[in-house]
Amino acid sequence: GDSVTQMEGPVTLSEEAFLTINCTYTATGYPSLFWYVQYPGEGLQLLLKATKADDKGSNKGFEATYRKETTSFHLEKGSVQVSDSAVYFCALSDSHRVGNQFYFGTGTSLTVIP
Amino acid sequence: SQTIHQWPATLVQPVGSPLSLECTVEGTSNPNLYWYRQAAGRGLQLLFYSVGIGQISSEVPQNLSASRPQDRQFILSSKKLLLSDSGFYLCAWSVLGGANIQYFGAGTRLSVL
Numbered sequence: 003g004d005s006v007t008q009m010e011g012p013v014t015l016s017e018e019a020f021l022t023i024n025c026t027y028t029a030t031g032y033p034s035l036f037w038y039v040q041y042p043g044e045g046l047q048l049l050l051k052a053t054k055a056d057d058k059g060s061n062k063g064f065e066a067t068y069r070k071e072t073t074s075f076h077l078e079k080g081s082v083q084v085s086d087s088a089v090y091f092c093a094l095s096d097s098h099r100v101g102n103q104f105y106f107g108t109g110t111s112l113t114v115i116p
Numbered sequence: 844s845q846t847i848h849q850w851p852a853t854l855v856q857p858v859g860s861p862l863s864l865e866c867t868v869e870g871t872s873n874p875n876l877y878w879y880r881q882a883a884g885r886g887l888q889l890l891f892y893s894v895g896i897g898q899i900s901s902e903v904p905q906n907l908s909a910s911r912p913q914d915r916q917f918i919l920s921s922k923k924l925l926l927s928d929s930g931f932y933l934c935a936w937s938v939l940g941g942a943n944i945q946y947f948g949a950g951t952r953l954s955v956l
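Chain order of the listed sequences is A and B. Mind the numbering: the first sequence is residues 3 to 116 in this note's numbering, read in order. Mind the numbering: the second sequence is residues 844 to 956 in this note's numbering, read in order.
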């Protein structure tokens, strides 16, 4: 079945460091891929998405490219800020499936220190 | 614009007591609705989803049940809570055939003591 494997955390970085959070997926169809972010005590917010191979999603300085050949959707940011401290979830969804179910990774906790 | 409301925000319940968490969506019709649980330090576990009124699909057999009495209302219930039911419960919605995005509520922190 469909699944997402996400880099284990926690990750601690200094401000302005480069961030990479790895995500790989397994899917039988042609899924859309997502990164969600969860700030402490809150629900999940969509950070970015990509709907087909070679698409690049970007938002707030974060980027991820849908790589079908490596079944990956790694999240990157060139210079992290303290305000980026949160838990990041990779997810996939196949909109052609009944219920439009999402499959989430286990989440990666990021802490950015000044 | 669409909004999702989830309440209560925090709940402390004794073992063996009943549970009712409510989620409502505004500004859209016939949404797909979802209940997730997030245990401490772990990822999201899909509990139930619904594609229409009275239609509930269960992903994981457990002590919980869900109902959808109205188009934009989704309720998570239990007759008798267990310690293992503690966690962060998230409601979400999406529109089939739309932008294929799930939108989440703010969550309910449930502590069973």
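Built from N, CA and C at the ideal position, the CB exists for glycine as well. None of these values were measured; they are calculated from a predicted model.
Start and end residues, beta strand (DSSP E) containing residue i
| i | result |
| --- | --- |
| Gly63 (chain A) | Per DSSP, Gly63 (chain A) belongs to no beta strand (DSSP E) and is neither H nor E. |
| Lys51 (chain A) | Leu46 to Ala52 |
| Tyr892 (chain B) | Leu887 to Gly895 |
| Tyr105 (chain A) | Phe104 to Phe106 |
| Ser111 (chain A) | Thr110 to Ile115 |
Whole-number beta carbon distance between residue j and residue i, since they are thought to touch under 8 Å
| i | j | result |
| --- | --- | --- |
| Leu956 (chain B) | Phe947 (chain B) | That belief does not hold up - the Cβ atoms of Leu956 (chain B) and Phe947 (chain B) are roughly 26 Å apart, past 8 Å. |
| Trp936 (chain B) | Ala909 (chain B) | Not really, about 14 Å apart at Cβ, beyond 8 Å. |
| Gln47 (chain A) | Cys25 (chain A) | That belief does not hold up - the Cβ atoms of Gln47 (chain A) and Cys25 (chain A) are roughly 17 Å apart, past 8 Å. |
| Leu925 (chain B) | Val858 (chain B) | 7 Å |
| Tyr68 (chain A) | Ser5 (chain A) | 16 Å between Cβ atoms; not a contact. |
| Asn943 (chain B) | Asn61 (chain A) | Contact doesn't hold; Cβ gap of about 16 Å is too wide. |
Selection from the options that minimises the alpha carbon distance to residue i
| i | options | result |
| --- | --- | --- |
| Asp57 (chain A) | A:Gly63, A:Ser74, A:Lys79 and A:Phe106 | A:Ser74 |
| Glu78 (chain A) | A:Ser16, A:Gly3 and A:Gly59 | A:Gly59 |
| Val114 (chain A) | A:Val6, A:Asp4, A:Phe20 and A:Gln8 | A:Phe20 |
| Ser111 (chain A) | A:Leu50, A:Tyr41 and A:Ala55 | A:Tyr41 |
| Trp850 (chain B) | B:Leu862, B:Pro857 and B:Val858 | B:Leu862 |
| Gln856 (chain B) | B:Leu889, B:Gln845, B:Trp936 and B:Lys922 | B:Lys922 |
| Gly31 (chain A) | A:Thr53, A:Gly11 and A:Glu10 | A:Thr53 |
| Gly895 (chain B) | B:Pro912, B:Leu887 and B:Asn906 | B:Pro912 |
| Glu865 (chain B) | B:Val938, B:Leu887, B:Leu854 and B:Ser901 | B:Leu854 |
Coil, strand or helix - residue i by DSSP
| i | result |
| --- | --- |
| Ser937 (chain B) | strand |
| Ser16 (chain A) | strand |
| Leu926 (chain B) | helix |
| Arg911 (chain B) | strand |
| Thr28 (chain A) | strand |
| Glu865 (chain B) | strand |
| Val858 (chain B) | coil |
| Thr871 (chain B) | coil |
| Leu956 (chain B) | coil |
Complete alpha helix (DSSP H) runs within the stretch 66 to 93 of chain A (minimum length 4 residues, chain order): The stretch 66 to 93 of chain A contains no whole alpha helix (DSSP H) run of 4 or more residues.
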